[in-house]
Amino acid sequence: MASRTPASAPGRRREELRDFLRTRRARLTPADVGMPDGGRRRTPGLRREEVAVLAGVGVSWYTWLEQGRDIKVSGDVLDAIARTLRLDRAEREHLYLLAGLNPPQAEAGPAVPITPELRRVLDAWSPRPAYVRDRHWNFVAINDAAREVFGYGDTDHNCLVTYFTNVRYRSMNTHWAAAAPDDVARFRADAARYPDDPEFDRIIEDLLTVSPEFAELWPRHEVSGGGQAVKGIRHPDAGELVFEGTLLPLADRPGHALVLHNPRPGTGTQERLERLMARRALAAAG
43 MASRTPASAP GRRREELRDF LRTRRARLTP ADVGMPDGGR RRTPGLRREE
93 VAVLAGVGVS WYTWLEQGRD IKVSGDVLDA IARTLRLDRA EREHLYLLAG
143 LNPPQAEAGP AVPITPELRR VLDAWSPRPA YVRDRHWNFV AINDAAREVF
193 GYGDTDHNCL VTYFTNVRYR SMNTHWAAAA PDDVARFRAD AARYPDDPEF
243 DRIIEDLLTV SPEFAELWPR HEVSGGGQAV KGIRHPDAGE LVFEGTLLPL
293 ADRPGHALVL HNPRPGTGTQ ERLERLMARR ALAAAG
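Using this note's numbering, read the sequence shown as starting at 43 and increasing by one per residue.
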């Protein structure tokens, strides 16, 4: 028996697109989209012609799309098809990817209190530092370990602003000068995702005014998409602490991210951190 030649990546993607569109179409009835039934159907769901009409595209073009032919598509057309097929946000993104387009940036909502479940994640991460930030790098929630270890106070509302203006944080951060360019580069990359958001401009203008270091770094136009970093802290009570930071985007909260800090192995950070937080817990209980 002759072996089957594996499909190329574009070929597999077109096959996935064909099957995806067929199954989304099959789950809808004419009544779901406000069309007359038209009698018995050989196969369940909407016909290709009906999807094309409802989406405002040519029947032949939609047929070629569903057949997986190599044709050009646009975001506007994919959005029309997504609305017609009643796709949810995840399905719409999947449609874009199968069609070979980058999905539109998810609309980021305003910073709102985190859910109890996410709050429990932050608390369970203690004695290790963790926090949630929004797309502007504003703190949404911080656990007690992050406040204690990094020196975040009640006046600290934004990661980047704190980095360049909090004297205590800067004096404790042993990697401050080395990490500053990358922090600025990552903020620029994030700001570029929301070109019409004036809040990024406000933060940038404020920092250009008050921080000579930021004013020197920002014009370099460097960008970085890294989600991991090393942070060194010289804590007045615990001594040298070194953390590996990991940023995890929150899929159900567009623009928000969970930032977790883990003690770096071989640095003694875990032991010193546990002693520090145990002393703070005893002091709070007393």
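Glycine included, every Cβ here is placed at the ideal spot set by N, Cα and C.
Contact between E286 and R306 holds, with the beta-carbon distance rounding to 5 Å and staying under 8 Å. Contact check for L249 against D279 fails: the beta carbons are separated by 8 Å or more. Bounds of the beta strand (DSSP E) holding G274 are 270-277.
The beta carbon of F181 lies closer than 8 Å to those of Y173, V174, R175, Y194, D198, H199, N200, C201 in the same chain, with the five residues before and after it left out. Rounded to whole angstroms, the separation of the alpha carbons of Q270 and T311 is 18 Å. Rounded to whole angstroms, the separation of the alpha carbons of G308 and A132 is 41 Å. Counting only the Cα atoms, D294 lies some 11 Å from T157.
Distance between M214 and V191, taken at the CA atoms: about 9 Å.
Between the alpha carbons of L292 and H298 lies a distance of about 6 Å. Counted as a single uninterrupted DSSP element, the stretch harbouring Y173 is not any alpha helix (DSSP H) but the beta strand (DSSP E) occupying residues 172-175. At a cut-off of 4 residues, the continuous stretches assigned as alpha helix (DSSP H) that sit fully inside the region 222-309 are 240-252, 254-259. Nearest Cα to T288 within the set A323, W167, V252: W167.
By the Cβ neighbour-count rule, P155 is exposed, with fewer than 16 other Cβ atoms within 10 Å of its own. Around the Cβ of E108, a 10 Å sphere holds 16 or more other Cβ atoms; the residue is buried.
L120 and S102 have their C-alpha atoms spaced approximately 16 Å apart.
In the DSSP assignment, the residues bridged to I184 are Y173. Pairing H178 with I245 gives a Cβ-Cβ distance under 8 Å. Distance from the CA of E159 to the CA of K273, rounded to the nearest whole angstrom, comes to 27 Å. The continuous alpha helix (DSSP H) containing T105 extends over residues 101-108. The shortest C-alpha to C-alpha distance from P223 to any of L63, L96, L259, T251 is the one to L259. The criterion of a C-beta distance shorter than 8 Å is not satisfied by V252 and T204. Separation of A234 and S266 (C-alpha to C-alpha, rounded to the nearest whole angstrom) is 11 Å.
Per DSSP, the continuous alpha helix (DSSP H) segment holding V119 begins and ends at 117-126.
Burial state of P86 is exposed, judged by a 10 Å Cβ sphere holding fewer than 16 other Cβ atoms. Counting other Cβ atoms within 10 Å of its Cβ, A141 reaches 16 or more and is therefore classed as buried. Residue environment: N144 is assigned as exposed (fewer than 16 neighbouring CB atoms within 10 Å of its CB, all protein chains considered).
Each of V301, G268, A325 was checked against the Cα of D232, and the nearest Cα belongs to G268.
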